[in-house]
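Peer 1: Take any residue in the sequence shown, note its place counting from 1, add 435, and you have its number in our numbering.
Each residue gets a CB set at the ideal place from its N, CA and C atoms; glycine is no exception.
This structure is a prediction, so every number in the text was calculated from the model and none was measured.
Just passing along the structure, written as structure tokens.
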Amino acid sequence: MRGSRIARVLVLMIVLALAAPLSPALGAKGDVPPQPKPGPDEGTGNQDPYAALPNLSFPVVMTDTITTFYQTTWVDLDGDGVEDGNERILTLDEVGAPIPIVVAEDISDTYTGSFPGQVEPDGSVTVFTTYVLDENGCAVDLVNNTTGDPVPDGIADLTDPILMTEWLQAAEPWYPQPRVTTSTDPNDVWNTAFVSDYTNSWQADWAHVDEPVLVDFIDWGNPLENTYPLVGYRFPVEVTLHTKLAEPMTAFKMACLEYPSSKIELFGTSRAPAPFNGLHTFDCYYATVLTNRFIAEIWNPDGTIERIDLGPGIGPSGKMNFASASGGWIPRMTGTHRIWLHVTDPLISLGGAIVNNDEHYVMWSGCMAEELAPNKTASSGVIGNSVFIDVLVKKPNSKK
Numbered sequence: 436m437r438g439s440r441i442a443r444v445l446v447l448m449i450v451l452a453l454a455a456p457l458s459p460a461l462g463a464k465g466d467v468p469p470q471p472k473p474g475p476d477e478g479t480g481n482q483d484p485y486a487a488l489p490n491l492s493f494p495v496v497m498t499d500t501i502t503t504f505y506q507t508t509w510v511d512l513d514g515d516g517v518e519d520g521n522e523r524i525l526t527l528d529e530v531g532a533p534i535p536i537v538v539a540e541d542i543s544d545t546y547t548g549s550f551p552g553q554v555e556p557d558g559s560v561t562v563f564t565t566y567v568l569d570e571n572g573c574a575v576d577l578v579n580n581t582t583g584d585p586v587p588d589g590i591a592d593l594t595d596p597i598l599m600t601e602w603l604q605a606a607e608p609w610y611p612q613p614r615v616t617t618s619t620d621p622n623d624v625w626n627t628a629f630v631s632d633y634t635n636s637w638q639a640d641w642a643h644v645d646e647p648v649l650v651d652f653i654d655w656g657n658p659l660e661n662t663y664p665l666v667g668y669r670f671p672v673e674v675t676l677h678t679k680l681a682e683p684m685t686a687f688k689m690a691c692l693e694y695p696s697s698k699i700e701l702f703g704t705s706r707a708p709a710p711f712n713g714l715h716t717f718d719c720y721y722a723t724v725l726t727n728r729f730i731a732e733i734w735n736p737d738g739t740i741e742r743i744d745l746g747p748g749i750g751p752s753g754k755m756n757f758a759s760a761s762g763g764w765i766p767r768m769t770g771t772h773r774i775w776l777h778v779t780d781p782l783i784s785l786g787g788a789i790v791n792n793d794e795h796y797v798m799w800s801g802c803m804a805e806e807l808a809p810n811k812t813a814s815s816g817v818i819g820n821s822v823f824i825d826v827l828v829k830k831p832n833s834k835k
């Protein structure tokens, strides 16, 4: 009905799912993960030092030195013989340039679990659907998505939902992100010699640039996905700046294998997903933008302003953004709060950028398939070189 020249791309449109209870009876590798990791402790915000850092799966353009990518040396500044958090300095080469951490690609440790946790809060199974694309990899609007009639409805056409577990099984084998490491040396973060659970390593393209970077769209993560903060509970704040590339960079095909949208979600890579090139990688026309020059703050309903601790970090999927550095922001009151990210780096411009969900883009073609929903557009925006989003903080166990 849609013609032979129309391609379909598997774009994850996963509805938020909560983690299902872990069962000790599940014995296959991947079914019973260790204590929740990676991620901060829900009570203290302390990071597990033995949680393996995910491999970089999505391209990065940085305008400042992001230490995650570079070798560091411990300098015992206080002479106590114990490494403290502020005692690492960049290791420089003979000309004074920082030395990148070399990543040896090794994609060989396959997933043997049963894809647990693909369940919605109401008990239904998790599904995803696919955009219908033309020969250029851009979304089309040929039918009414509700009735199926061949009349455009102003919404990108979608295929019928597919069970997530069925699609994951069809795309096997999967190679998961590493979960546990035995080294706390930041120079070993992507060294599989120290990984004890899924010894896979890969790295998407990244570049440190000295020229201006234009941000195309900004994704606020949790607030855009209808996840509400609760008074007294840590709420992970994350924001991702995306630039559209003139020349593509290498990215890896990724999907969530276990417990999506939970603290113990597990992602992996496969050759099967679109674009159908038989590779784990694809040419990506977007990259995340990173810098150390920014300010993050909250405008509280009572008129007070508080800084929040954000920093460049890699999420479970391998995408890098600005994320909570200490486990998350803890709201003190109910009501609407405005979260701000002020970019102070002169090389980065938000002029012309919009707020949108990264799932609304076809990364391998550079096309936007959907705009942000009107209710989300009304509660977010870009002003100058700052971006904000309004979030409603609720009481625990409250529907108001």
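What are the partner residues of Cys719, as DSSP defines its beta bridges?
Peer 2: The partner list for Cys719 (beta bridge, DSSP) reads Met684.
Peer 1: Under a three-way DSSP split, which group does Asn622 fall into?
Peer 2: The answer is helix: DSSP assigns Asn622 an H, G or I state.
Peer 1: Using the DSSP secondary-structure output, state which residues sit across from Asp825 in a beta bridge.
Peer 2: The partner list for Asp825 (beta bridge, DSSP) reads Arg773.
Peer 1: Could you tell me the distance, in whole angstroms, from the CA atom of Ala487 to the CA atom of Trp637?
Peer 2: Approximately 13 Å between the Cα atoms of the pair.
Peer 1: To the nearest angstrom, how far is the alpha carbon of Asp506 from that of Pro809?
Peer 2: What sits at residue 506 in the sequence shown is Gln, not Asp. Rounded to the nearest angstrom, the two C-alpha atoms are 45 Å apart.
Peer 1: In the DSSP assignment, the alpha helix (DSSP H) including Ala390 goes from what residue to what residue?
Peer 2: Because the chain in this structure spans residues 436 to 835, residue 390 falls outside the shown range and cannot be described.
Peer 1: On the premise that Asp569 lies in contact with Val578, defined as a C-beta separation below 8 Å, what is that separation, rounded to the nearest angstrom?
Peer 2: Rounded, the Cβ-Cβ distance is 14 Å, inconsistent with contact.
Peer 1: Output needed for Ser631: all residues of its chain with C-beta closer than 8 Å, excluding positions within five of it in sequence on either side, in chain order.
Peer 2: The residues are Val615, Thr616, Thr617.
Peer 1: Using the beta-carbon count (16 or more within 10 Å), is Thr771 buried or exposed?
Peer 2: Exposed.
Peer 1: Whose C-beta lies closer than 7 Å to the C-beta of Gly589 among residues of the same chain, with five residues either side of it excluded?
Peer 2: So the qualifying residues of the chain are Asp576.
Peer 1: Could you pull out every residue in the same chain whose Cβ sits closer than 6 Å to the Cβ of Asp737, ignoring the five residues on either side in sequence?
Peer 2: Cβ within range, chain order: n/a, list empty.
Peer 1: Could you name each continuous beta strand (DSSP E) segment of 3 residues or more that falls completely within the region 581–654, going from the start of the chain to the end?
Peer 2: Counting whole runs of 3 or more residues, the region 581–654 contains the beta strand (DSSP E) stretches 630–632, 641–643, 652–654.
Peer 1: Hey, Val644 and Val538: beta-carbon distance below 8 Å or not?
Peer 2: No.
Peer 1: Apart from the five residues just before and just after Leu807, which ones in its own chain have a Cβ nearer than 7 Å to its Cβ?
Peer 2: Val790, Asn791, Asn792.
Peer 1: Using 10 angstroms around the beta-carbon of Trp509, count the other beta-carbons present and answer buried if the total reaches 16, otherwise exposed.
Peer 2: Per the 10 Å Cβ criterion, exposed.
Peer 1: Reducing DSSP to helix, strand and coil, say where Asn490 ends up.
Peer 2: Of the three classes helix, strand and coil, the one that applies to Asn490 here is coil, per DSSP.
Peer 1: Measure the CB-CB distance between Ser784 and Val650 and report whether it falls below 8 Å.
Peer 2: Contact flag set, yes.
Peer 1: Below 7 Å, is the gap between the Cβ of Ile818 and the nearest heavy atom of the ligand SAM?
Peer 2: Absence of the ligand SAM from the depicted structure is noted, as is the absence of any ligand whatsoever, leaving it without description.
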